[in-house]
Amino acid sequence: MRWLGLDVTLVRCYCSMYIMRFCVGLVDNCFKIGTSAIDRADNMKSTKEANLESLNRAIQYIEANLDKKILLRDVAKEAFVSEFHFHRIFKSLTGETVKDFLIRLKIERSAMCLKHTDDEIGQIAFESGYENHETFTRAFKNYFDLTPQQYREKIQKVVIEKQTSYDENNVTLDKLNVEEPTIQYLPDMHLAYIRHIGSYDKVASSFQRLMFWAASHLVLKLKPTTLGIVYDNPELTEEDKIRFDSCVVVNQAIQPKGEIGYKKIAGGRFAFFRYTGAYENFHAVYDYIYNVCLFEKGWDLSDKPALELYRKFPPFYKPENYLTDFCVPIK
8 MRWLGLDVTL
18 VRCYCSMYIM
28 RFCVGLVDNC
38 FKIGTSAIDR
48 ADNMKSTKEA
58 NLESLNRAIQ
68 YIEANLDKKI
78 LLRDVAKEAF
88 VSEFHFHRIF
98 KSLTGETVKD
108 FLIRLKIERS
118 AMCLKHTDDE
128 IGQIAFESGY
138 ENHETFTRAF
148 KNYFDLTPQQ
158 YREKIQKVVI
168 EKQTSYDENN
178 VTLDKLNVEE
188 PTIQYLPDMH
198 LAYIRHIGSY
208 DKVASSFQRL
218 MFWAASHLVL
228 KLKPTTLGIV
238 YDNPELTEED
248 KIRFDSCVVV
258 NQAIQPKGEI
268 GYKKIAGGRF
278 AFFRYTGAYE
288 NFHAVYDYIY
298 NVCLFEKGWD
308 LSDKPALELY
318 RKFPPFYKPE
328 NYLTDFCVPI
338 K
């Protein structure tokens, strides 16, 4: 059969070949677009993971060297990125500049020393990385609107008021479901961790992500050894800047990836306060420990963060049966 002088069968054949080529080309383009989108998503994920790894390295360096003068180039070097890019990454992930973060940690740390030690202000200034008393006093007053000496006098009055209130209301360790403290020595520990920034009431999600990672990367016991590293006093630190590390103990060093960091923490002498009960009462327990117990026992804090060792925890136990050791570092 012919149409307009052409063989219809031949025309159909050509049309079919054209349509087939068009479809193949369309599928190929769709595949390329899809692959490109996946690649972009992977690249974005890879960039985010790299930024989080850099941030973890930088923060570990800062926290370990608060007694020294730290420059931006030193921190960027630890993070393996240029100063310009690191400054941008740090601000976007923490909401603070490196300088503001560093000053805040130094000043809040010195405030704890002023409350819990009898060290002279000049010594505290030196141990906070300040070259002289005057520079430290100026930085401290800019932050608290009080000189270090004024702050020490004020916080001593606050402690006495709290102790009086607890005494009048017959609040004791026993009433708080806390056993009498014991002195114990903890060994050095290898930890995989996720850094949480924000209210202590919202750390559960970081533990969930950590345990999900651990389940697929580690050979875990039925009940893995988990702990929290408590860096900040919510009465000193704004809620959205509070630092907390959700941790699981590992046998050896691991390769950090994304938000999963690795650190080895030094052991040492700790006062153990064993508490039975729900996590919602943690603040009341800490307040009593830091404003009554440490002063009654005459214990000076050492320059380490407190630890929380979770002995009985969800989902294995009910809240009223949770068992937690509050490990307060002492000299």
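Residue numbers (the working numbering): 8 to 338.
Just so it is clear, CB atoms sit at the ideal spot from N, CA and C, and this is done for glycine as well.
Fair warning: this is a prediction, and the values are worked out from it, not measured in the lab.
Taking all protein chains shown into account, E175 has fewer than 16 neighbouring C-beta atoms within 10 Å of its C-beta and is therefore exposed. Annotated three-state conformation of V226 is coil, per DSSP.
The shortest CA-to-CA distance from Y329 to any of V335, R318, E60 is the one to R318. Residue environment: L217 is assigned as buried (16 or more neighbouring CB atoms within 10 Å of its CB, all protein chains considered). If the five residues before and after K182 are omitted, its C-beta is found closer than 6 Å to no C-beta atom of its own chain. The continuous alpha helix (DSSP H) containing A118 extends over residues 105-123. Here the segment 190-203 does not lie against the segment 147-160, with fewer than 3 beta-carbon pairs under 8 Å apart. Of the other Cβ atoms in all chains shown, fewer than 16 fall within 10 Å of the Cβ of P241; this residue is therefore exposed. Around the C-beta of S206, fewer than 16 other C-beta atoms lie within 10 Å, and the residue is accordingly described as exposed.
With a 10 Å radius around the Cβ and a threshold of 16 neighbouring Cβ atoms, N58 comes out buried.
The C-beta distance from A273 to D195 rounds to 6 Å, short enough to fall under 8 Å. In this structure the segment 83-95 does not touch the segment 129-142; the number of beta carbon pairs closer than 8 Å is below three. Assigned with DSSP and collapsed to three states, L62 falls in helix. With a contact defined as Cβ atoms closer than 8 Å, G265 and R202 miss out at about 11 Å.
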